[in-house]
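Asker:
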Amino acid sequence: MPKHLLMLLAIVIVLALGIALILRPHNGEREAAQTVIRLYAGAGLKPPVHEAIERFQRRHDVRIEVDYGASNLLLSRLRLMEEGDLFLPGDAFYIDEAEALGLIIERRDIAEFVPVIQVQKGNPLQISAVSDLMRPGLRLAIADERAAAIGRLTPQIFALHDIDGAALAERVVFTSITAPELAQAVALGHADAAIVWHPVAMQYQDMTDTIAIPPEGNLISPVSIALLASSTQAEAAQAFMAFLLGPGGQDCFQRHHYQILGSAP
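Adding 288 to a residue's 1-based position in the sequence shown gives its number in the numbering used here.
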C-alpha cells in the first residue's frame with residue numbers, strides 16, 4: 289500500500305479514536321445527571337402507577353424505579369433499609385404506620401380504593417350481599433390481613449355485617465398476600481368469591497363480575513403517597529406527587545376504575 293494511503297488511514301484511525309474519547313464521557317455525564325427516584329408501591333396499584341410514570345417521564349428528565357409488593361412487606365423494607373424517595377401503599381393505614389415511625393415528611397391523598405365482591409362470571413351463585421358469602425359450601429378467598437391492605441379491611445367489613453370470624457374461616461379455601469393474587473384466584477375458579485378492590489377486580493372483568501357493597505356496610509380506603517425522610521431527590525419526588533394530583537395523574541387513576549377524591553361512589 290502506498291505510503292500516502294497508509295498515512296491517511298492512520299489519520300482516520302486517530303480521528304475516530306479521538307471522537308470516541310470525546311463522546312464517551314459526555315454520554316456518561318448525561319446518564320449520571322439524570323435524576324432517579326425510588327418508589328415503593330402496593331402491588332394492586334401497578335396499572336395506574338405504571339401509566340402515570342410513563343407520562344411523567346415523557347415530560348421530565350427523571351427516571352422512576354418502582355418496587356411493587358404487599359403493603360406491609362414494603363413498610364418492613366422501609367424500616368430495615370431506610371432508603372428510597374416515595375411510598376405509595378394500598379391503604380393509608382401503612383402511611384400512618386410509617387409516619388408514626390418517623391419515616392415520612394409529607395403525605396398527600398390522590399384517590400380512593402373501594403372494596404367490592406368479586407364473583408364468577410354470570411354470578412352463578414346469585415350473590416348479592418356480603419351476608420351471602422356465609423352460604424354453606426361457598427368457597428371464599430381472602431387476603432392475609434398481616435400483609436395486604438385489602439386483607440386488613442376485610443375482617444372489619446365482615447364485622448359491619450355481624451359475620452362471625454370463626455364461621456367465616458370455614459369457608460376460606462385460598463389466602464393471598466396481594467390484592468391481584470386474590471382477584472386472580474376468583475378469575476381462575478379457585479374460589480367462588482372474594483372481597484377485592486374495585487379497580488383490581490376490573491382487571492379481570494372478562495372473567496368475573498363485581499357486586500357493589502352499600503356505603504353503610506363498606507370501608508373506603510384513601511390511596512395516599514408519602515415523601516420519605518430518606519429521600520435524596522425530594523424536589524423531583526414532590527414533582528411526581530404533584531403530577532399525580534393534577535389532571536394527568538388523576539386521569540390515569542380514573543381510567544383504571546379508581547374513585548377520584550370528591551367524586552360520588
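Yeah, the Cβ is synthetic: ideal placement off N, Cα and C, and Gly gets one too.
1. Go to T442, then tell me how far its alpha helix (DSSP H) extends in each direction, as first and last residue.
2. Would you call the segment 534 to 546 in contact with the segment 333 to 346, where contact means no fewer than 3 C-beta pairs closer than 8 angstroms?
3. So, A435 versus P377, is the Cβ gap smaller than 8 angstroms?
4. Let's see if you can read the secondary structure: which residues bound the alpha helix (DSSP H) around E385?
5. Can you list, in chain order, the residues of its chain with a C-beta nearer than 7 angstroms to that of P487? Leave out the 5 residues immediately preceding and following it.
6. What would DSSP say about L327, mapped onto helix, strand or coil?
7. Going by C-alpha to C-alpha distance, which of S518, R326, A358 and L428 sits closest to E370?
8. Figure out for me which residue from M495, A489 and I392 has the closest Cα to the Cα of G410.
9. Along the alpha helix (DSSP H) that carries D420, what are the first and last residues, could you check?
10. Select from I548, G536 and L549 the residue whose C-alpha is nearest the C-alpha of Q345.
11. On the premise that Q322 lies in contact with R351, defined as a C-beta separation below 8 angstroms, what is that separation, rounded to the nearest angstrom?
12. DSSP three-state label for A320, please.
13. Between which residues of its own chain and L532 is the CB-CB distance below 7 angstroms, once the five residues before and five after are set aside?
14. Based on DSSP bridge pairs, tell me the residues matched to Q406.
15. Return the residue from the list V404, A417, L448 and A455 that minimises the CA-CA distance to G425.
16. In this structure, does DSSP put D355 in helix, strand or coil?
17. Inspect the CB distances between the segment 387 to 396 and the segment 475 to 493 and report whether three or more fall short of 8 angstroms.
18. Among residues of its own chain, excluding the 5 on either side of S416, which ones have a beta-carbon nearer than 8 angstroms to its beta-carbon?
19. Could you tell me the alpha carbon to alpha carbon distance between L448 and R427, rounded to whole angstroms?
20. Under 8 angstroms, with one C-beta from each stretch per pair, do the segment 522 to 532 and the segment 380 to 389 reach the 3-pair mark?
21. Do you know whose CA, among Y356, A358, V404 and V511, lies nearest P502's CA?
22. State the beta-bridge partners of E400 as determined by DSSP.
23. Are the beta-carbon atoms belonging to R440 and F375 less than 8 angstroms from one another?
24. Give the range of the alpha helix (DSSP H) segment to which L532 is assigned.
Answerer: Concretely, from the data shown:
1. A437 to L448
2. yes
3. no
4. A380 to A388
5. H544, H545 and Y546
6. strand
7. S518
8. M495
9. Segment: none, D420 is in no alpha helix (DSSP H) and carries neither H nor E.
10. G536
11. 6 angstroms
12. Unreliable placement is indicated for A320, whose pLDDT of 49 sits below 50; no coordinate value is reported for it.
13. A340, I398 and I513
14. A482 and T498
15. A455
16. strand
17. no
18. I499
19. 21 angstroms
20. no
21. V404
22. P510 and Q547
23. no
24. A522 to L533
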